[in-house]
Amino acid sequence: MKLELNVNARSTAPLTLAAVLLALVGCLLFGCTATSDSQPSSDAAQHQESTGDAGTPVRVASMKGPTSIGLAAMMKEETRSSYDFQIYATADEIAPKLASGEVDIALIPVNLAATLYHRTEKGIKAIDVNTLGVLYGLTADDALKDSGATMADLAGRTIYMTGKGTVPEYTVRALLAKAGLSEADVTLEFRSEPAEVVALLATDASAIGIVPQPFATSAVAQDASLANVLDLTEQWDLLAAGDASSLAEGSRFVTGVTVVRTSFLEEHPDAVTRFLKDHRTSADTAANDPAAVADTVAELGIIPNAAIAKTAIPLCNVVCLNGEEMHAAISGYLQELLLWAPNAIVGGLPDDGFYHL
49 MKLELNVNAR STAPLTLAAV LLALVGCLLF GCTATSDSQP SSDAAQHQES
99 TGDAGTPVRV ASMKGPTSIG LAAMMKEETR SSYDFQIYAT ADEIAPKLAS
149 GEVDIALIPV NLAATLYHRT EKGIKAIDVN TLGVLYGLTA DDALKDSGAT
199 MADLAGRTIY MTGKGTVPEY TVRALLAKAG LSEADVTLEF RSEPAEVVAL
249 LATDASAIGI VPQPFATSAV AQDASLANVL DLTEQWDLLA AGDASSLAEG
299 SRFVTGVTVV RTSFLEEHPD AVTRFLKDHR TSADTAANDP AAVADTVAEL
349 GIIPNAAIAK TAIPLCNVVC LNGEEMHAAI SGYLQELLLW APNAIVGGLP
399 DDGFYHL
């Protein structure tokens with residue numbers, strides 16, 4: 049196994065392709081008109097020919113964040129030689145490598161995956177959901193600490209969060225609407241950094257701050273006045289199960305998906321099947337025994353230290369959903385996303401060819 053941490057990596061893909069895909073990631077929510085060349089480089093083509101159960105390791109790229117936690121047990125296994133793991137700081141470093149054939153499998157945000165499916169002319173397929181929602185609501189309000197909160201309990205409160213004009217905002221607005229709250233029922237205010245959101249909670253005990261994991265766990269550990277009272281993934285599931293719910297059946301709050309290049313899947317189906325099996329085992333380890341991977345997660349810089357990792361990992365909603373369960377979770381979530389942001393997926397809702405079932 050080869051493990052490489054690339055937090056400042058630059059793409060080696062041709063400049064035109066890199067420019068297109070870097071721009072694509074930056075304007076996922078606003079739409080783009082550029083096109084991309086998805087033909088692999090000669091090195092990538094040679095890799096495709098040699099990859100196999102006993103051949104060149106499958107090249108797996110992921111981001112330095114919760115979506116990599118489900119791979120931690122695979123990375124930890126020193127005797128495993130089937131994979132070449134590369135961790136990047138952002139998705140915009142992975143996209144051009146995936147499109148150019150320098151990466152075989154990638155763990156990326158769900159709306160980026162759907163967009164790349166269109167941009168590469170169906171050159172990738174989703175093979176699993178690796179992470180559900182990672183957004184949580186923090187507060188200093190003792191009443192909510194005692195009873196917990198639902199989306200309906202946010203009526204009349206100020207909600208501070210990051211991500212204006214991006215997926216987090218649209219997810220929160222969708223959940224508020226499904227809970228029967230209009231924009232007039234809450235005050236939604238945005239800040240540029242989670243730390244700013246948390247700082248505001250000290251001045252308004254009735255407010256809710258919505259921040260991602262593992263930052264939420266770190267914030268609570270550092271400030272005893274705060275508590276985690278709202279899991280937006282849990283709220284999505286509760287609202288979806290309601291008798292009067294208009295959420296698509298089987299939909300989930302999805303953060304990260306795992307995709308494979310279509311050509312790689314066609315040429316090496318056994319390697320993809322093996323990855324899915326190993327990924328499920330690894331994700332189950334993280335979800336059920338966080339202490340087993342906490343040190344690895346901390347060493348990779350995903351979570352500041354192992355102690356916080358042990359607490360945060362169970363809250364990162366690490367999963368490995370595939371088949372029809374994956375299809376329903378992703379398609380339902382993307383349908384909701386597009387209701388609030390028609391340009392969140394460049395090219396629109398992907399067809400069934402996007403899903404490897």
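Just so you know, the sequence shown maps onto residues 49 to 405 in this note's numbering.
All C-beta atoms in this analysis are idealised placements derived from N, C-alpha and C, irrespective of residue type, glycine included.
A residue is called buried when at least 16 other Cβ atoms come within 10 angstroms of its Cβ; D326 meets this threshold and is buried. Around the C-beta of T321, fewer than 16 other C-beta atoms lie within 10 Å, and the residue is accordingly described as exposed. Given a length threshold of 4 residues, each whole run of the alpha helix (DSSP H) inside the region 152-192 is given here in chain order: 158-167. In this structure, T333 sits near A121, with a CB-CB distance shorter than 7 Å.
When DSSP states are grouped into helix, strand and coil, V220 belongs to the helix group. L183 is positioned such that its CB atom lies closer than 7 Å to that of L280.
Excluding the 5 residues flanking it on each side, Y131 has same chain C-beta neighbours closer than 7 Å at M49, P105, V106, V108 and M122, in chain order. Under the three-state reduction of DSSP, P144 is assigned to helix.
In the structure shown, the three-state DSSP call for T265 is helix.
Straight-line spacing of the CA atoms in L249 and K212 works out to 19 Å. Here E237 is exposed. Its C-beta has fewer than 16 other C-beta atoms within 10 Å. Cβ contact annotation for G113 (same chain, cutoff 7 Å, sequence separation greater than five): I350, in chain order. Under the DSSP definition of a beta bridge, L369 partners with V177. The C-beta separation of G228 from A200 comes to about 7 Å, placing the pair in contact by the 8 Å criterion. Here S299 is near G380, since their CB atoms are less than 7 Å apart. Between the region 308-321 and the region 190-197, the count of C-beta pairs closer than 8 Å stays below three; the two stretches do not touch. Spanning the alpha carbons of L324 and P216 requires a straight line of approximately 28 Å.
With a threshold of 16 other beta carbon atoms within 10 Å, N336 falls short and is exposed. Selection A355, G290, N353 and T306 evaluated against M374 yields T306 as nearest (Cα-Cα). The C-alpha of D343 is placed about 32 Å away from the C-alpha of T214.
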